[in-house]
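What follows is a single structure, written as structure tokens, with notes after it.
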């Protein structure tokens, strides 16, 4: 039983709902959980984890009744309300990108850098889903081998765009036509190598986040990370092919040992993890670990994780648990 | 009008049929094209390019009536029949892996190394589909910048497994269940990071082909190529994210210029090529060219090509045209 008064902001979205479900699973009492969303959802009721909740629109009065506010909102909403919540002494955990690069805000994956929570920060940011899934696999290797660089090619599920992504895939499956308002092309029977906003250098912001966030989380300001982020017609769970370069020559057996005992990941030697099997799992799944035949300092691997759970909602609630 | 007597071996498969269609498009006369397949297809008739053909089972007698035999068969069948055809003076172009690493057999992408055909070889091998699609984009860069290494992450269509791949995806779409005999997991709504036969070093033969074949085609025995090959629920056209390292620092504008005027590819600066749009095209489509922000000698790019056409059938017929 956890008696903190927890508010979930953006509670009607996929991540917001999953946050409420994880709170219940971790023993937070329904009566102490308040759900907030935009005005259009005011008064709506939601059944999550077999409990009924009513959704309210957020007010300054409401926010000061909370001990903790969990934000599953976009960066603009987070920025607006977190400054208000903060001034009322409410601890905020934010899933948006608003504060991730703020030097005064820790960016946390509990299994990787949970120790930074010891300073009792008032605002904590949760990383982008792809960063969490990549680093859960790479951090254990980094800690013993010191990672200098990595490259990621992603295979990202449509639920990364929330219910709108799922609905688009579903409609395209049923009608054959393209119904995409969120994608530049149909996604069913297709892949789209463009996620996020194009930057001047040819990368997208989604691709750059992976680098900036990894540097902060691993406290490795010189880490070199490049990515190609690709949307695939998969409902749920992001996959990625990673190639990582370390300071010195890598012993494969030792790397395997690191992954076998690392928290939050499930390492498989022989089978290949797929998003269809790994969705709705707390752990991320690492497979196909192998050495680069041309570079003794490089490893390749394949990792898959539920980006709504560990990539977002579960990570937020795990941060709360660690506070 | 081309009066060579051409046999297509394995003519009932996706690649075999596409070879016949490309022969007709290039002006080969239907009466001079013979279709062969396994005994189970003997006597079957096929309509391709609005012409009717009857399919025969291959015999030693039949093969010696040909000037050229085009093999869209598996390696075992190619090995068996090419030695017979060769002894009868028939020129053979083989789409299988049987002779690709044979030092006496040229491995040819006409746009890349068509000059090796000047020696009038009697057996010519056509590369694996992923090799063709990767090298059409990389070879023009290699020729001016000297490529030292590249990494590929692929997004390969189910028709890479022929009609069986297409049928599997179709059935899984209709019934929801997994019907896969050729895949280790369902492919609809999923991605599978395992194509080909696992090798001792953790790579698959599909992944290794890309390296061995690229070395031979580019005559660069020291080229270092690593890959992660992944099947995606796309009907047709393979995509891949490539990261290439060159001998010295790269000028992006010059690299763009190379791609803009390279044969067989269509370079787009702003839009992102998708397999849905690039299927049924002769050209491969290159987009998202960008410099590695951490390494002046590296480029990243995204390339998409119809693996049944340019990745197989069209390449075979283009080799024939060049002879």
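Chains as they are written, first to last, in my numbering: chain A, 10 to 332; chain B, 10 to 332. Don't be surprised by glycine CBs; every beta carbon is placed ideally from N, CA and C.
Taking C-beta pairs closer than 8 Å, name the residues in chain B that residue i reaches, listed in chain order.
{"i": "residue 162/A", "result": "162, 237 and 250"}
{"i": "residue 212/A", "result": "299 and 302"}
Please decide whether residue i counts as near chain A, where near means a Cβ-Cβ distance under 8 Å.
{"i": "residue 309/B", "result": "yes"}
{"i": "residue 143/B", "result": "no"}
{"i": "residue 260/B", "result": "no"}
{"i": "residue 13/B", "result": "no"}
{"i": "residue 176/B", "result": "no"}
{"i": "residue 146/B", "result": "no"}
{"i": "residue 224/B", "result": "no"}
{"i": "residue 158/B", "result": "yes"}
{"i": "residue 64/B", "result": "no"}
Please name the residue or residues paired with residue i in a DSSP beta bridge.
{"i": "residue 247/A", "result": "314/A"}
{"i": "residue 100/B", "result": "77/B"}
{"i": "residue 61/A", "result": "56/A"}
{"i": "residue 39/B", "result": "Its beta-bridge partners do not exist; DSSP assigns none."}
{"i": "residue 133/B", "result": "102/B"}
{"i": "residue 234/B", "result": "159/B"}
{"i": "residue 302/B", "result": "Bridge partners of residue 302/B: none, in fact."}
{"i": "residue 294/A", "result": "275/A and 313/A"}
{"i": "residue 164/B", "result": "248/B"}
{"i": "residue 213/B", "result": "207/B"}
{"i": "residue 13/B", "result": "None, per the DSSP bridge assignment."}
{"i": "residue 46/A", "result": "66/A"}
{"i": "residue 255/B", "result": "156/B"}
{"i": "residue 18/B", "result": "45/B and 80/B"}
{"i": "residue 240/A", "result": "165/A and 201/A"}
{"i": "residue 308/B", "result": "253/B and 300/B"}
Just to confirm my understanding: we take residue i, look at its own chain, exclude 5 residues before and 5 after, and list those with CB closer than 7 Å. What are they?
{"i": "residue 132/B", "result": "91, 95, 101, 103, 108 and 114"}
{"i": "residue 181/B", "result": "187, 188, 195, 196 and 197"}
{"i": "residue 32/B", "result": "15, 42 and 326"}
{"i": "residue 320/B", "result": "138, 141, 142, 247 and 314"}
{"i": "residue 221/A", "result": "110"}
{"i": "residue 67/B", "result": "18, 45 and 90"}
{"i": "residue 203/A", "result": "193 and 213"}
{"i": "residue 267/A", "result": "149, 150 and 153"}
{"i": "residue 317/B", "result": "23, 24, 27, 168 and 245"}
{"i": "residue 69/B", "result": "93"}
{"i": "residue 105/A", "result": "80, 82, 83, 84 and 87"}
Could one say the Cβ of residue i lies closer than 8 Å to chain B's Cβ atoms, at least one of them?
{"i": "residue 206/A", "result": "no"}
{"i": "residue 264/A", "result": "no"}
{"i": "residue 253/A", "result": "no"}
{"i": "residue 295/A", "result": "no"}
{"i": "residue 233/A", "result": "yes"}
{"i": "residue 132/A", "result": "no"}
{"i": "residue 117/A", "result": "no"}
Among residues of its own chain, excluding the 5 on either side of residue i, which ones have a beta-carbon nearer than 6 Å to its beta-carbon?
{"i": "residue 271/A", "result": "149"}
{"i": "residue 160/B", "result": "235 and 252"}
{"i": "residue 322/B", "result": "24, 27, 28 and 31"}
{"i": "residue 39/A", "result": "60"}
{"i": "residue 282/B", "result": "294, 296 and 313"}
{"i": "residue 218/A", "result": "137"}
{"i": "residue 243/A", "result": "166 and 284"}
Name the chain B residues whose beta carbon is nearer than 7 Å to that of residue i?
{"i": "residue 201/A", "result": "281 and 283"}
{"i": "residue 244/A", "result": "198"}
Using a Cβ-Cβ cut-off of 8 Å (strictly less than) and excluding sequence neighbours within five positions of residue i, which residues of its own chain qualify?
{"i": "residue 265/A", "result": "276, 278 and 298"}
{"i": "residue 54/A", "result": "61, 62, 63 and 64"}
{"i": "residue 305/B", "result": "258 and 259"}
{"i": "residue 57/B", "result": "26, 29, 30 and 33"}
{"i": "residue 71/B", "result": "16, 43, 45 and 65"}
{"i": "residue 75/A", "result": "14, 15, 16, 43, 94 and 99"}
Who are the neighbours of residue i on chain B, taking C-beta pairs under 9 Å?
{"i": "residue 193/A", "result": "280, 281 and 283"}
Residues of chain A with CB under 8 Å from residue i, in chain order?
{"i": "residue 84/B", "result": "Within chain A, no residue comes near residue 84/B; the closest Cβ sits about 23 Å away, beyond 8 Å."}
In chain A, which residues lie less than 7 Å from residue i when you measure between Cβ atoms?
{"i": "residue 286/B", "result": "194"}
{"i": "residue 325/B", "result": "By Cβ distance, chain A contributes nothing, its closest Cβ being about 26 Å from residue 325/B, past 7 Å."}
Relative to the ligand SAH, is the shortest distance from any of its heavy atoms to the C-beta of residue i smaller than 7 Å?
{"i": "residue 266/B", "result": "Annotation note on the ligand SAH: not contained in the displayed structure, which lists no ligands."}
Could you tell me whether any Cβ in chain C is nearer than 8 Å to the Cβ of residue i?
{"i": "residue 241/A", "result": "The displayed structure is made up of protein chains A and B, and chain C is not among them."}
Inside the stretch 165 to 205 of chain A only - alpha helix (DSSP H) runs reaching at least 4 residues:
171 to 184
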